[in-house]
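Visitor:
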Amino acid sequence: MKQEPTEASPRDAVGISAESGREDVKVHPDDPAPNPHATEAEVEAALKDTKLAQVLYHDWEAETYDDKWSISYDERCIDYARGRFDLAVGPAPLPYERALELGCGTGFFLLNLMQGGVAKTGSVTDLSPGMVKVALRNAEHLGLDVDGRVADAETIPYDDDTFDLVCGHAVLHHIPDVELALKECLRVLKPGGRFVFAGEPTTVGNFYARKLGQLTWKVTTEVTKLPFLSGWRRPQTELDESSRAAALEAVVDLHTFDPSDLEKMAKSAGAVDVKATTEEFAAALWGWPVRTFEAAVPDEKLTIGYRMAQYRAWLGLSWLDENVLRKVVPREFFYNAMITGVKPGAVQK
Ligand SMILES: C[S@@+](CC[C@H](N)C(=O)[O-])C[C@H]1O[C@@H](n2cnc3c(N)ncnc32)[C@H](O)[C@@H]1O
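Per UniProt numbering: the sequence shown ends with 349, consecutive numbering throughout.
Take a look at the structure:
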């Protein structure tokens, strides 16, 4: 299953996924079961209910999510997750004893952070029961000390002062009341505990990414109508399905962020030591058309050599972003935002 992509990330540059065949993961007894086959009536209702849309959409794609986004639990994604943490937070008292992830999906961020030495034990949570199940299965496969709950980030089902770290990746922009979710993070954090969220779209970045994506999709799907390029055209049913999936994303993608506004929101929620950071400018300007092109043509046309070349291009442009463009381009022009802050109180050792 493919769709018009909405998130630029190196996760999809090389495809290595964790094995995930086990069904005996320990889901919480009070949690609902996954619903991967929504009825037409449910889909209709979801068009007006963003949280229902989240559950249906992510339950539907949970079992294929790691493959679709080339999420792995090896060095490549450990380095990526740890790199985002280090960029957002800087030097920190690692490892944290107990960490919570909100909107965990299949566990990409927390499981890789744990493997990268950021936390010893973890709790994965998501609105989608299907995602929690896959995240717990991945954790078990990796031998990590992790439990999980189906949970809404606006009402986190854990006691006050429980965690040393709360984290999330590509989740804040899906939450209707982001400030409420940040308040909840601060409630469940111990005094001195830290939150860190990465992979959020900036407002300017999202604007150019969408425009570039739409243009590339249009050009690729039109040009591949030419008879001599027909081998590069995906079947119309698949293209239609991609467009429908993209329409559903309008229901689940609720926000884009200006880094300064994100900082104000975190402070207003009660956090101290707040800092927003951004990354990926040249890498995003290049990556969005490339990824949209890849989604619009048959998979078999994209050779390993091509994928590796794209990955190297992404690494090179990321280097340019970090070492040159960061010094001259305003931070709000970069595509990816991250935010960190601390719960006031005792200083962590
Ligand atoms: C774009 S996916 C990111 C998943 C994962 N963090 C990653 O980076 O691969 C967003 C995830 O947030 C979850 N989500 C959306 N709204 C949520 C909410 N209000 N509370 C908790 N999770 C939510 C979705 O179910 C989905 O799994």
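Every residue, glycine too, gets a C-beta built ideally from N, C-alpha and C.
All of these numbers come straight from a predicted model, not from anything done at the bench.
How would you label residue 143, buried or exposed, when you count the other beta carbons within 10 angstroms and need 16 or more for buried?
Guide: Exposed.
Visitor: How far does the beta strand (DSSP E) with residue 96 in it reach, from first residue to last?
Guide: Segment 96-101, the beta strand (DSSP E) holding residue 96.
Visitor: May I ask which residues mark the beginning and end of the beta strand (DSSP E) holding residue 190?
Guide: Unbroken beta strand (DSSP E) run through residue 190: 189-201.
Visitor: Nearer than 8 angstroms: is that true of the beta carbon of residue 51 relative to any heavy atom of ligand 1?
Guide: Under cutoff, so the answer is yes.
Visitor: Going by the DSSP bridge assignment, what does residue 165 pair with across the sheet?
Guide: Paired residues: 99, 194.
Visitor: When the Cα of residue 102 is compared with those of 240, 185, 270, 134, which residue comes out closest?
Guide: It is 185.
Visitor: Quick check on the DSSP output: what are the complete beta strand (DSSP E) runs of length 3 or more inside the region 29-110, in order along the chain?
Guide: Here the runs fully enclosed are 96-101.
Visitor: Measuring only the C-alpha atoms, how far is residue 154 from residue 223?
Guide: Distance between the alpha carbons of residue 154 and residue 223 is about 45 angstroms.
Visitor: To the nearest whole angstrom, what separates the beta carbons of residue 209 and residue 335, a pair I think is in contact under 8 angstroms?
Guide: 6 angstroms between Cβ atoms; contact.
Visitor: Beta-carbon separation of residue 337 and residue 262 under 9 angstroms?
Guide: Against a cut-off of 9 angstroms, the Cβ pair of residue 262 and residue 337 comes out as a contact.
Visitor: Along the chain, where does the alpha helix (DSSP H) that runs through residue 296 open and close?
Guide: Residues 282-296.
Visitor: Is residue 279 near residue 322, with beta carbons less than 9 angstroms apart?
Guide: Cβ distance < 9 angstroms, so residue 279 and residue 322 count as in contact.
Visitor: Which one of 116, 120, 107, 216 has the shortest CA to CA distance from residue 141?
Guide: Looking at the Cα atoms, 107 is the closest of the given residues.
Visitor: When you compare each of 234, 35, 75 to residue 128 by their alpha carbons, which one comes out closest?
Guide: Taking only the C-alpha atoms, the option nearest residue 128 is 35.
Visitor: Can you tell which of 120, 37, 254 has the C-alpha that lies nearest to the C-alpha of residue 95?
Guide: Comparing Cα positions, the closest option is 120.
Visitor: Any heavy atom of ligand 1 inside 8 angstroms of the beta-carbon of residue 154?
Guide: Answer for residue 154: yes, Cβ within range of ligand 1.
Visitor: Classify residue 386 as buried or exposed, calling it buried when 16 or more other Cβ atoms lie within 10 Å of its own Cβ.
Guide: Here the chain comprises residues numbered 1 to 349, so residue 386 is not present and cannot be evaluated.
Visitor: Is it right to say residue 213 is buried, meaning 16 or more other beta carbons lie within 10 angstroms of its own, or is it exposed?
Guide: By the 10 Å Cβ count, residue 213 comes out buried.
Visitor: With residue 147 as the anchor, note down where its beta strand (DSSP E) starts and where it stops.
Guide: Start and end: 146-150.
Visitor: Whose C-beta lies closer than 6 angstroms to the C-beta of residue 38 among residues of the same chain, with five residues either side of it excluded?
Guide: 56.
Visitor: Would you say the beta carbon of residue 170 is closer than 8 angstroms to some non-hydrogen atom of ligand 1?
Guide: Residue 170 Cβ: within cutoff of ligand 1.
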